[in-house]
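**Student:**
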Amino acid sequence: MLGLGKDWWRVIRALDKLSCFYDELNSVISLGRDKELRKVAARNLGNVNGIVLDAGAGNGAMTKAVLAENPNVNLVVMLDFLPEMLKKADVERSVCEKVIGVFEAIPLRNGSVDGVVMAFSLRDAYDMKVALQNIKRVMKDCGRLAILELGKPDHALKRFLVALYWRFIAPMLAFIKLGRKGLLAYEIYPTYTKMPKNSELVGLMKTFFENVRVKKKMLDGVLLISTSHS
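The numbers in numbering that gives the first Met the number 0 rise by one with no breaks, and the one at position 60 of the sequence shown is 59.
In structure tokens form, the structure reads like this:
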């Protein structure tokens, strides 16, 4: 099974602890590129008219990028399992609806959203295949999906370097910048190890969606994936 499986609860508890300094940590471990990458992902969604699901919305950073880059969006449904994360989301309430739930059982009707975005959240799924099935289920036939996620390079040397970064360098940077609480960045590495290689993830995406497009950044350690409903 692709996904966190039995490690899901442990990762969720770690994410809950991160809620108070999530933005700071993201900025440090992404080398200051997190906001830029979210903007690119929001643009990859295209000109969506209607409703967008932000799956794994957290504190609303991706939701803000979507609203800034897509003025025709009428509503963003912010889905997250952690109430504390959603409470931290400082977003325009008139165009956002916060919903507690999981990817594997999204509490929305079939074909009810025009677009879906996921920013660094797909790897936190309990079961990645079931999560993607549910995302496809809630999308309209003409719906679009934009994913920003960590990548696991197919090239052995790049894969080694990216793994080295998440296992040692990112936690060290977070500790230097944020103190002891930054050590929670160690929880990212186990989620990275459970990720499929980039080619395997793209192959999985193609079983559910058509027109899968991929851009790789940072030694193939970051993926920008955009698709349409098959």
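Idealized CB from N, CA, C, for every residue including glycine. As the structure is a prediction and not an experimental result, all values here were calculated from the model.
Helix, strand or coil: which one does DSSP assign to ILE11?
**Tutor:** ILE11 falls in the helix class under three-state DSSP.
**Student:** Considering only DSSP beta bridges, list what ASP79 is partnered with.
**Tutor:** ILE99.
**Student:** Considering just the uninterrupted stretch of the alpha helix (DSSP H) at MET171, what are its terminal residues?
**Tutor:** Per DSSP, MET171 belongs to the alpha helix (DSSP H) from 169 to 177.
**Student:** Can you check whether the CB of GLU148 is closer than 8 Å to the CB of PHE102?
**Tutor:** No, the pair does not count as a contact, with Cβ atoms beyond the cut-off.
**Student:** Can you tell me whether PHE208 is helix, strand or coil according to DSSP?
**Tutor:** The answer is strand: DSSP assigns PHE208 an E or B state.
**Student:** Can the beta-carbon of VAL115 be found closer than 8 Å to that of ALA54?
**Tutor:** In contact: VAL115 and ALA54 (Cβ atoms closer than 8 Å).
**Student:** Suppose contacts are defined by Cβ-Cβ distances below 8 Å. Is ILE105 in contact with ASP79 by that definition?
**Tutor:** Going by C-beta atoms, ILE105 is not nearer than 8 Å to ASP79.
**Student:** Please name the residue, chosen from ASP123, LEU24, ARG143, that lies closest to THR192 on a Cα-to-Cα basis.
**Tutor:** For the residues ASP123, LEU24, ARG143, the minimum Cα distance to THR192 belongs to ASP123.
**Student:** In the DSSP assignment, the beta strand (DSSP E) including LYS139 goes from what residue to what residue?
**Tutor:** Where LYS139 is concerned, the enclosing beta strand (DSSP E) stretches over 138 to 149.
**Student:** Mapping the DSSP letters down to three states, classify ILE134 as helix, strand or coil.
**Tutor:** Correct three-state label for ILE134: helix.
**Student:** Look at the alpha carbon of LYS97 and the alpha carbon of VAL75, and state the distance between them as a whole number of angstroms.
**Tutor:** Taking the straight line joining both Cα atoms gives about 8 Å.
**Student:** Taking 8 Å as the cut-off, decide whether the C-beta atoms of ARG161 and GLY202 are in contact.
**Tutor:** Sequence inspection shows Val at residue 161; the Arg mentioned does not correspond to that position. Not a contact, by the Cβ cut-off of 8 Å.
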